[in-house]
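The structure appears below as structure tokens.
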Amino acid sequence: MPEKIMDFVRLYMEKKVSLSALRRKEEYDIPLPAIREGILNAICHRDYSIGGSDNKLDIFLDRIEITSPGTLPIGITIRDLGEGISEVRNRLIVTILREAGYIEQLGTGIMRIKEACKKMALPEPKFEETSNFFKATIFRTQFTLFFPPLFAPHAL
876 MPEKIMDFVR
886 LYMEKKVSLS
896 ALRRKEEYDI
906 PLPAIREGIL
916 NAICHRDYSI
926 GGSDNKLDIF
936 LDRIEITSPG
946 TLPIGITIRD
956 LGEGISEVRN
966 RLIVTILREA
976 GYIEQLGTGI
986 MRIKEACKKM
996 ALPEPKFEET
1006 SNFFKATIFR
1016 TQFTLFFPPL
1026 FAPHAL
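Letter by letter, the sequence shown follows residues 876 to 1031 in the numbering used here.
In structure tokens, the structure reads:
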């Protein structure tokens, strides 16, 4: 499932292709590992007891926002997340994703997102908690207006 979401996201991203030492290198305007981590975090840490709301992926000209129903567990702050402190809300989902090879190590998602953005000299991602949602915003440095071949809204 994460592959299909990433395929959808790639439709809306700008890709630069360069040749170096006879090798083709593709680079997107937002690091794919950061988006992948954000999507996996939303799936793993969502509060599934909140009905009528889905994980949401919004793609804008200057950023991508990944929003998940639910707030952080009691005692965990956004600052804690950046330091690798986390609490597993959905153990079964985490176990399945880990065994399927999607998750490598617990408590490193936010740090991986920040590091991937830093490597591309992007603005630091923004993480925020509202009354009932958690949102990760990953910024682009440059953007151009283009229209993908199709548009189809997808829930995560």
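Glycine included, every Cβ here is placed at the ideal spot set by N, Cα and C. Keep in mind the model is a prediction, meaning the values are calculated, not measured.
From the DSSP output, in three-state form, read off residue i for me.
i, result
"ILE905", "coil"
"VAL884", "helix"
"ARG954", "helix"
"GLU878", "helix"
"GLU912", "helix"
I'd like the span of the alpha helix (DSSP H) that includes residue i, first residue to last.
i, result
"ARG1015", "No alpha helix (DSSP H) holds ARG1015; DSSP gives it neither H nor E."
"GLU974", "966-974"
"LEU897", "Per DSSP, LEU897 belongs to no alpha helix (DSSP H) and is neither H nor E."
"ILE960", "Neither: ILE960 is in no alpha helix (DSSP H) and is coded neither H nor E."
"ARG987", "984-994"
In terms of residues, what are the limits of the beta strand (DSSP E) holding residue i?
i, result
"LEU932", "931-934"
"ILE939", "938-944"
"GLU1003", "1001-1004"
Go through its chain and collect everything with a Cβ distance to residue i's Cβ below 7 angstroms, but skip five positions before and after it.
i, result
"PRO877", "ARG911, ILE914, LEU915 and TYR977"
"MET888", "TYR903, ASP904 and ILE905"
Shortest alpha-carbon distance to residue i belongs to which of the options?
i, options, result
"SER924", "ASP882, ARG954, GLU901 and SER943", "SER943"
"THR1012", "GLU940, ILE985 and GLU990", "GLU940"
"ILE953", "ASP929, SER928, ARG966 and GLY984", "GLY984"
"GLU979", "ASP955, PRO908, ASP922 and ASN1007", "PRO908"
"PHE935", "LYS900, ALA896 and LEU886", "LEU886"
"GLU958", "LEU932, THR946, ILE988 and ILE968", "ILE988"
"PRO948", "PHE1008, LYS931, LEU894 and MET986", "PHE1008"
Go through its chain and collect everything with a Cβ distance to residue i's Cβ below 6 angstroms, but skip five positions before and after it.
i, result
"LYS891", "GLU902"
"GLU962", "PRO948 and ILE951"
"LYS931", "THR942"
Between which residues of its own chain and residue i is the CB-CB distance below 8 angstroms, once the five residues before and five after are set aside?
i, result
"GLU960", "For the record, residue 960 in the displayed sequence is Ile; it is not Glu. Taken in chain order, the residues that qualify are ILE951 and GLY982."
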